[in-house]
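**Q**
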Amino acid sequence: MSNGLSSDVVSTEVQIKEQAKVLFFVRGNMTATCQEIADFAGVKRTLVNYYFRSRENLLRVAYQEIVCDMKRALDEVYISDVSFEDKVERLIGCTMEFRLKYPFFEIFNISEISNKMQNKASIMQPVPSPRLACFIREIEQEMARGTIQPSNPHNFLLNLMSLISYPITLKPLYAEVYGMTDEEYDEVLKERKALIKKILFKKL
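Residue numbers for the sequence shown follow the working numbering, so the first one is 1 and each next one is one higher.
#1: Could you check if T46 is buried or exposed, using at least 16 other CB atoms within 10 Å of its CB as the buried criterion?
#2: Buried or exposed: which applies to E184, given that a residue is buried once 16 or more other Cβ atoms fall within 10 Å of its Cβ?
#3: What separation, rounded to the nearest whole angstrom, lies between the Cα atoms of Q141 and L163?
#4: Assign P126 to one of three DSSP states: helix, strand, or coil.
#5: Ends of the alpha helix (DSSP H) at Y51?
#6: Three-state secondary structure (DSSP) at Q118?
#7: Could you check if K193 is buried or exposed, using at least 16 other CB atoms within 10 Å of its CB as the buried criterion?
#8: DSSP three-state label for G28, please.
#9: Compare the beta carbon distance of I66 and Y102 with 8 angstroms and say whether it is the shorter of the two.
#10: Would R131 and I79 be called neighbours here (beta carbons separated by less than 8 angstroms)?
#11: What's the gap between the Cα of A133 and the Cα of N155?
#12: Contact defined as beta carbons within less than 8 angstroms: I believe F52 pairs with F108. What is the distance between those atoms, to the nearest angstrom?
#13: Applying the criterion that 16 or more other CB atoms from any shown protein chain within 10 Å of the CB defines a buried residue, is R27 buried or exposed?
#14: CB F201 to CB I139, shorter than 8 angstroms?
Rendered as structure tokens:
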């Protein structure tokens with residue numbers, strides 16, 4: 001969007017993009033057509049094509065905006081002036097918030113990884129974060145102090161992310177297997193915030 005556009009134009013473009021995020025990453029309709037997106041957003045299909053040219057480009061824009069928002073939020077935690085334990089607690093909360101907001105985001109990432117491995121076009125372009133590198137050094141320092149179990153610091157991050165993402169990504173499966181309602185499963189996920197921290201800091 002460029003400067004000088006009317007508020008109605010900006011509002012319509014944002015409306016389409018935000019509703020596309022819901023269709024793709026909240027409802028998991030990765031194959032939604034321009035017509036389906038238009039119907040869901042309450043606009044004409046021609047407007048979807050006008051603002052985004054194609055369904056694929058709209059998907060790319062929506063995906064990259066979520067990635068940027070997530071990276072910005074995580075970077076703020078990485079450089080925050082708080083204790084390491086508080087920082088980890090914030091990372092857990094921040095990551096869970098994004099995963100719960102967009103429950104099909106990780107499933108889409110898995111699909112994109114498959115595309116890249118088969119040399120197919122992919123919109124996933126991960127970029128190393130200098131602020132994450134600083135946080136990894138903090139992890140190493142905490143391991144040296146005995147605060148957390150010594151290992152490759154990347155294992156600490158992998159444990160952190162997998163303990164959060166796996167139960168959320170597979171919620172539809174596990175809720176059915178365990179005979180739980182959405183509300184009951186969500187209560188389990190809420191409890192996991194404190195549980196994950198205890199696991200990472202050996203406080204069980």
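Don't be surprised by glycine CBs; every beta carbon is placed ideally from N, CA and C.
All of these numbers come straight from a predicted model, not from anything done at the bench.
**A** A quick look at the data gives this:
#1: exposed
#2: exposed
#3: 22 angstroms
#4: coil
#5: 45-52
#6: coil
#7: exposed
#8: coil
#9: yes
#10: yes
#11: 14 angstroms
#12: No, F52 and F108 are not in contact; Cβ-Cβ is about 17 angstroms, not under 8 angstroms.
#13: exposed
#14: no
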